[in-house]
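Beneath this line is the structure, given in structure tokens, with notes to follow.
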Amino acid sequence: MAKDYIFSEIEKKWQNNWAQNNTFKVEEDPHRPKFYVLDMFPYPSGAGLHVGHPLGYIASDIYSRYKRLCGFNVLHPMGFDAFGLPAEQYAIQTGQHPAKTTEDNIARYRKQLDKIGFSYDWSRQVRTCDPQYYKWTQWAFLQMFSHWYDSALQKARPISELEEIFATAGNIGLQAACGSVIEFDADYWKGLSDEQKSSILMQYRIAYLGDTSVNWCPALGTVLANDEVKEGLSVRGGFPVEQKKMKQWQLRVSAYAERLLKDLDTLEWSDSLKDMQKNWIGRSEGAEMIFKVLNGDKEYDVKIFTTRADTVFGVTFMVLAPESEWVEKLTSEECADAVKEYLTMSKKKTERERMAQTHNVTGVFTGSYAINPFTGEKIPVWISEYVLSGYGTGAIMAVPAHDSRDYAFARHFNLPIIPLIEGCDVSQESFDAKEGIMCNSGFLTGMQVKDAIPAAIAKVEELGIGKRKVNYRLRDAIFSRQRYWGEPFPIYYKDGVATAMPESALPLELPEIDQFKPTESGEPPLARATSWNYEGYPIETSTMPGFAGSSAYYLRYMDPHNTKALVSSEKNGYWRSVDLYIGGTEHATGHLIYSRFWNKFLYDLGYVCENEPFKRLVNQGMIQGRSNFVYRIVNTNTFVSYNLKDQYKTTEIHVDVNIVHNDRLDIEAFRNWLPEYQNAEFILEDGEYICGWAIEKMSKSMFNVVNPDYVCESYGADTLRLYEMFLGPLEQSKPWDTKGIDGVHRFLKKFWRLFYKGDELLVSDSEPSKAELKVLHTLIRKVSSDIENFSFNTSVSAFMIAINELSDLKTTSSQILEPLVIMLSPFAPHIAEELWEAMGHDSSVMNARFPEYVEKYTVEDSFDYPVSFNGKMRFKITLPKSLSVKEVEEAVKADPNTARYVGSATIKKIIVVPSKIINVVI
RNA sequence: GCCUUGGUGGUGGAAUUGGUAGACACGCAGGACUUAAAAUCCUGUGGGCAGCAAUGCCUGUACGGGUUCAAGUCCCGUCCGAGGCACCA
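Spelled out as structure tokens, the structure:
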């Protein structure tokens, strides 16, 4: 039997072996510590898995395998986020049922994943589109529908308890997260009809129906994402899009804002990610204040929110968001036409476009005037896009001297600017800093800003025109989608009242329909299911969004086949929460907020035992594509090589990167690639065609999608795994480039040759030399700390260096080679298993215990620190741990040439320049 | 526009977290083995100047300032790229 490194055979052999022996199947085991490693599950798109997907999966797999070696019972599952828009759009175009497309795509993904040698426990697979799975998504929704949020207890409570409260005390003094409700007492409540009661309760439910504004495209009869709208037109088709109010299901995520913010402190997430969530939640302390507004002889109380109550003496106008409910009431007859025109214009812009165009100052005067409650002065009320209806109250008091947006607006429309801080210059720009001494400010004059803010709020409360208020930017999540391919709502309409189905009706399965597009009257596709009803009542026709199914999937993996509960308390009690979660930053403010919210809600209800779902989180960077170009001479079928292209007038054309190697075009493959290139001619340089290149997003249309299958076939899964890690830091975005892959492949071959020379196994019982042990222990030290820090690229380098050195030393000792194989096994498991078996071990390398091997062969750490010498003025020496700082200082003083000592665990650093010690770090 | 993040040779990247910049790898050039190719191995490789040479000197981490005995790393400002901004997932 020839013993070459034939990766294709080796990998097939071990993948089959793992599958047959269920090597990675895990069960709860109270005698072993658990560890839960989770990947963000993929959406199975039609383009298949590209090399960017496995990046995070490989990292988590390495970590999982490493943790198993360390003795942990590791839960490492995988599944599919299977509901989504692409399958539905494909269905609209082709009539192919989304379930079928999704099924096919999943099968393809699974096949591709299997080739990479992941250690998933596939028996726990979940799919969000499976009724047995989405039963629990619907169940969670029903729980949210039947609970309200008690802001005093900071906890969700059953709606039935709220009804009792209303029946005994009304809502007076009740602290709850809710929409706008009038204050009422018990008698009032008792006098209401059922319908009136349910409309009040709706204001308190955690899952509730409410008005929101959406991008509505009348021509397509559908709601569009901001992404699908460009300059007021739909990306598909170019039809006009407008902002429209619609009743939609929403989740009262804002109720949890404070907890979502506060509990970030308990998580091992990167600071940047925490910052993103903090900013997204956007807590700001300030005050709500009422301004009286006069439109002709009618008087209204308009509420505004401000974080700068101290600047109220500088308010020179007021601004409403175009969508504000006040707009209609506060527009005078004379201004009606201008306002109408402005609103029409603004309706055409999405929220994002409005935010991006802050340099374009726009606005219109309503014709009414507000009274500044402190100065009694009359100030004009304007409408402008820079005020957002979704934040605060949708109305602001403008202080142009101290807010840059207000300043720009005031300058543009020639409104007065009153400076309120001593010595500030507002002739060129506003003074936004919250510091300085107040002036022109009545009773606040002379105070520091930081004192003036609370003083102003106290005065506002005293005058009864407002109160202190903490405001959050975080908005409630819109939970309805006007789509087919999503979870149906277990809600029916009884005499127009939204009513929950009982749990026994779950799962409420998606009905079959003949077409997947919206109806002619603009209703969601489910409205086509005319005979779909619950006890004769119509069922909600919108479906749930993508994040519904992905919000609690990590819980389902703990107990995927349970038909009685989302997860049993025993299994949840064992696995608890995710110890390590790996995925892209693009989910920072979407999925990762919703999931935390969902988990906290279930925690309040006692269904899960941990307050947070993901203890530690690592973001892998995006893998971008490296596109290649060929240059066609205009109006010909002749292609000119990259360095000669400037001599001709050429067009740059994307070429499939899979037929380009090291920027050299495979000319034959190119001719066969597309029919139009069959007879292509080439102008070569040095006999080769050199392609141009660029870094772009990996996508089908740019022909730069690199399929991992191809890499697996030509180099093997172990090479792919190592190479993806070697490419650069996990957390950094980087382009995919196959150019360097030969290097890691060579490394594996070299690794193999350490064990085999032809058929001959070189491993011996000989005692290792000191030099060999030094190499091994430098490596163990480096790789173990690198894995914990997710610095996989440097650990691959460390392997390469170690193997080069051991090759030079002609190492054969099993005492070196065994731990070497164990250490490599998380990275390149197939080759490791093969060599482990060759060394005569019965069981899989996965059963070896890494710490035991480290322990067994540990030598003194005098190897740990390199000694180098620079003849001129500094040198590094090794310091034994036993040395005290004082002793080191003595040593330093005794040695006149010393420049720098780098030390051990006790003495971190002593930095010395000629003649004086300047820094001693302990 | 706002939030987050990055910018180091021809290329991907490393740098003990403020201490000899360019580890490791690709590519390229030269060499060994071979009838030849593949595979493998060895040497060189940021730029510039000087030298037959070992080597020496200067310069260099997007740009402009600053702090420091010492800056790729810290601070201020500028430019460029990436991800997100609530119905893509």
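In the working numbering, the protein residues as written are 222 to 1143.
Note that beta-carbon positions come from the ideal geometry of N, C-alpha and C, so glycine has one too.
Residue i burial status per 10 Å Cβ neighbour count (16 or more: buried)
i	result
F664	exposed
R573	exposed
M618	buried
R457	exposed
S229	exposed
L895	exposed
P929	buried
T872	exposed
I1022	exposed
N1140	Residue confidence is low: N1140 scores 37 on pLDDT, short of 50, so the model does not pin down where it sits. No coordinate-derived value is stated.
S990	exposed
T389	exposed
P1047	buried
D371	buried
A719	buried
M722	buried
P379	exposed
P1050	buried
E1055	buried
V1142	Residue placement at V1142 is flagged as unreliable, the pLDDT there being 37, under the threshold of 50; a coordinate-derived value is accordingly withheld.
M1044	buried
L1100	Annotation note: pLDDT 42 at L1100 (below 50); position unreliable, no value reported.
Whole-number beta carbon distance between residue j and residue i, since they are thought to touch under 8 Å
i	j	result
G300	R331	Between R331 and G300 the Cβ distance is about 10 Å, and since that is not below 8 Å, they are no contact.
E656	V670	6 Å
F700	W470	4 Å
R777	W360	Not really, about 11 Å apart at Cβ, beyond 8 Å.
M510	I686	6 Å
T537	P594	About 14 Å separates the two Cβ atoms, so there is no contact after all.
F924	H875	5 Å
L695	I502	5 Å
S340	D282	6 Å
D653	H623	6 Å
F464	S434	Per the sequence shown, residue 464 should be read as Gln rather than Phe. At roughly 5 Å, the Cβ-Cβ gap stays under 8 Å, so Q464 and S434 are in contact.
Residues bridged to residue i (per DSSP)
i	result
G804	N840
T764	R702 and P709
E902	T859
V450	S455
C438	T443
Y714	A719
D432	K468
S771	Beta-bridge pairing links S771 to no other residue.
V523	F512
M1060	Paired residue(s): none; M1060 is not in a bridge.
P298	Partner(s): none; P298 has no beta bridge.
L259	Y802
Q845	P956
Using a Cβ distance threshold of 8 Å, determine whether the region 625 to 639 contacts the region 544 to 557, with at least three qualifying pairs required. No, the region 625 to 639 does not touch the region 544 to 557.
Three or more C-beta pairs under 8 Å: does that hold for the region 936 to 950 against the region 966 to 973? yes
With a cut-off of 8 Å, do at least 3 Cβ pairs link the region 557 to 566 to the region 514 to 534? Contact annotation: the region 557 to 566 does not touch the region 514 to 534, with fewer than three C-beta pairs closer than 8 Å.
Runs of 3 residues minimum, wholly inside the region 592 to 616: which ones carry the beta strand (DSSP E) assignment? Under the rule that a run must span 3 or more residues, the beta strand (DSSP E) segments found entirely inside the region 592 to 616 read 599 to 604.
Quick one: complete alpha helix (DSSP H) runs, 4+ long, within the region 333 to 392? 352 to 366 and 380 to 390, all fully within the region 333 to 392.
Which runs of the alpha helix (DSSP H) fall wholly inside the region 555 to 585 and span at least 4 residues, in chain order? Segments of the alpha helix (DSSP H) lying fully in the region 555 to 585: 557 to 568 and 572 to 577.
Does the contact criterion of 3 or more C-beta pairs under 8 Å hold for the region 723 to 743 versus the region 262 to 280? With the cut-off at 8 Å, the region 723 to 743 and the region 262 to 280 do not touch.
If you scan the region 388 to 428 from start to end, which runs of the alpha helix (DSSP H) of 4 or more residues do you find wholly inside it? 407 to 411 and 415 to 423
Is it the case that the region 402 to 418 contacts the region 673 to 687, given that we only count it when at least three CB pairs across the two stretches are under 8 Å? no
Considering only residues of the region 626 to 683, which uninterrupted alpha helix (DSSP H) runs meet the minimum length of 4 residues and lie entirely inside it, listed in chain order? none
For the region 980 to 988 against the region 1026 to 1038, do three or more pairs of beta-carbon atoms, one drawn from each stretch, fall closer than 8 Å, so that the two count as touching? yes
Three-pair Cβ contact test at 8 Å for the region 392 to 408 versus the region 332 to 351: no
Any 3 or more C-beta pairs closer than 8 Å across the region 578 to 590 and the region 600 to 617: Taking a cut-off of 8 Å on C-beta distances, the region 578 to 590 touches the region 600 to 617, as three or more cross pairs fall below it.
Below 8 Å, can you find three or more Cβ-Cβ pairs linking the region 759 to 768 to the region 698 to 717? yes
What runs of the beta strand (DSSP E), each 3 residues or longer, lie entirely inside the region 775 to 835? For the region 775 to 835, whole beta strand (DSSP E) runs of length 3 or above, ordered along the chain, are 799 to 805.
Sequence ranges, beta strand (DSSP E) only - wholly within the region 224 to 278, length at least 3: Look at the region 224 to 278 and you find these whole runs of beta strand (DSSP E), each 3 residues long or longer: 255 to 260.
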